[in-house]
Every structure is written in structure tokens, then in C-alpha cells.
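Worksheet: the structure to be examined is printed underneath.
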Amino acid sequence: MKFGEILRELLEDNDITQKQLAADLNLAPTTIGNYIRCFREPDFAILKLFATYFNVTTDYLLDYQPAITKDHKEDALLRLYRSLPAGYKDLLLDEGKLLVRHALKERAAERGE
Numbered sequence: 020m021k022f023g024e025i026l027r028e029l030l031e032d033n034d035i036t037q038k039q040l041a042a043d044l045n046l047a048p049t050t051i052g053n054y055i056r057c058f059r060e061p062d063f064a065i066l067k068l069f070a071t072y073f074n075v076t077t078d079y080l081l082d083y084q085p086a087i088t089k090d091h092k093e094d095a096l097l098r099l100y101r102s103l104p105a106g107y108k109d110l111l112l113d114e115g116k117l118l119v120r121h122a123l124k125e126r127a128a129e130r131g132e
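Residues in the sequence shown are numbered from 20 upward in steps of one, following the numbering used here.
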């Protein structure tokens with residue numbers, strides 16, 4: 020997956036517009052558009068800025084998966100994902116995104132937001 024595709028997915032998953040992202044990061048909206056359309060790629064400083072903003076790793080932004088995992092549960096989840104047919108993998112990812120959104124809403128509610 021290209022950086023622009025990943026950035027677009029992050030914007031959609033977090034319900035953020037390109038314009039909002041540009042304003043939040045003090046970047047030109049055209050710069051964000053160029054990243055999303057894969058006309059340009061960010062330098063290291065901007066890449067780290069995106070990683071911090073979206074709370075993801077630079078590896079995630081670059082679509083780089085090292086051959087290691089963090090713990091047993093992550094290994095189990097990866098094994099489950101790899102054992103599924105393609106259509107079910109998409110379903111698992113969609114359901115996982117829903118769970119994350121639900122958890123974020125619960126955390127916000129707990130903080131009184």
C-alpha cells in the first residue's frame with residue numbers, strides 16, 4: 020500500500036478532512052492533497068509528525084511490517100488473520116475498526132468529553 024493510500028485511510032477512519040489535518044499540522048492543504056494523490060512523499064520530520072498525530076508508527080505509515088510481533092495475543096491475532104480467506108480478512112478488519120471506534124467513544128465518555 021502506498022503512503023497516500025494509508026494517509027487517506029487514516030483520515031477516513033478518524034473522520035478528519037484534509038483541510039483539518041493541514042490546519043492541525045500547520046501544513047498547506049495542497050501538500051496534504053499531494054501526499055494523498057501520491058504525487059509527493061513526506062520527509063522524515065513530516066512522517067514523524069503524522070505518526071504522532073494519528074498515534075501510529077512510522078512503520079505503519081510506510082507499510083513496513085517487520086517479522087516480529089509484540090506479544091502472544093498479537094501473534095494469535097496475526098495467526099487468525101492469516102488463516103482466513105480474503106473476504107473474511109476484510110470483515111475482520113472492518114469489525115476491528117468498529118471496536119476501536121467504540122473504545123474511543125467509551126474513553127471520551129469516561130473523560131466527560
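Glycine included, C-beta positions come from ideal geometry on N, C-alpha and C. Please read all numbers here as calculations on a predicted model, not as lab measurements.
Original post:
Is DSSP giving A95 helix, strand or coil here?
Top reply: If you number the sequence shown from 1, residue 95 lands on position 76. The three-state reading of DSSP puts A95 in helix, counting H, G and I together.
**OP:** Along the alpha helix (DSSP H) that carries G106, what are the first and last residues, could you check?
**Re:** The residue given as residue 106 occupies position 87 in the sequence shown. That run of the alpha helix (DSSP H) goes A105 to E129.
**OP:** Closer than 8 angstroms by C-beta to Y72: which residues in its own chain qualify, once you throw out the five before and the five after it? Chain order, please.
**Re:** Sequence index remark: in the sequence shown, residue 72 carries index 53 (1-based). Excluding residues within five positions, the ones whose Cβ falls inside 8 angstroms are L40, D43 and L44.
**OP:** Identify which residue in L96, T50 and E60 has its Cα closest to the Cα of T77.
**Re:** As a first step, residue 77 is located in the sequence shown; it is residue number 58 there, counting from the start. Selected option, being the one with the closest Cα: E60.
Original post:
If you draw a straight line from the C-alpha of Q84 to the C-alpha of V75, how long is it?
Top reply: One-based indexing of the sequence shown puts residue 84 at position 65. One-based indexing of the sequence shown puts residue 75 at position 56. Distance between the alpha carbons of Q84 and V75: 13 angstroms.
Original post:
In chain order, what residues of the same chain lie with their CB nearer than 8 angstroms to the CB of D82, ignoring the 5 residues before and after it?
Top reply: Locating residue 82 in the sequence shown gives position 63, where the first residue counts as 1. Only M20, K21, F22 and I25 meet the Cβ criterion.
Original post:
Nearest-angstrom Cα distance between T49 and I65?
Top reply: Position 30 of the sequence shown holds residue 49. Position 46 of the sequence shown holds residue 65. In a straight line, the C-alpha of T49 is about 14 angstroms away from that of I65.
**OP:** Would you mind stating whether I51 and R27 have Cβ atoms separated by less than 7 angstroms?
**Re:** In the sequence shown, residue 51 corresponds to position 32, counting from 1. In the sequence shown, residue 27 corresponds to position 8, counting from 1. Contact flag unset, no.
Subject >> Option in F58, L80 and F63 with minimal Cα separation from L30 >> reply: Along the sequence shown, one-based indexing puts residue 30 at 11. Considering only alpha carbons, the answer is L80.
**OP:** Let me know the secondary structure DSSP gives T77 once reduced to three states.
**Re:** As a first step, residue 77 is located in the sequence shown; it is residue number 58 there, counting from the start. Correct three-state label for T77: helix.
Subject >> Neighbour-count burial assignment, F58, 16 or more Cβ in a 10 Å radius >> reply: As a first step, residue 58 must be located in the sequence shown, where it is residue number 39. Its Cβ having fewer than 16 others within 10 Å, F58 is exposed.
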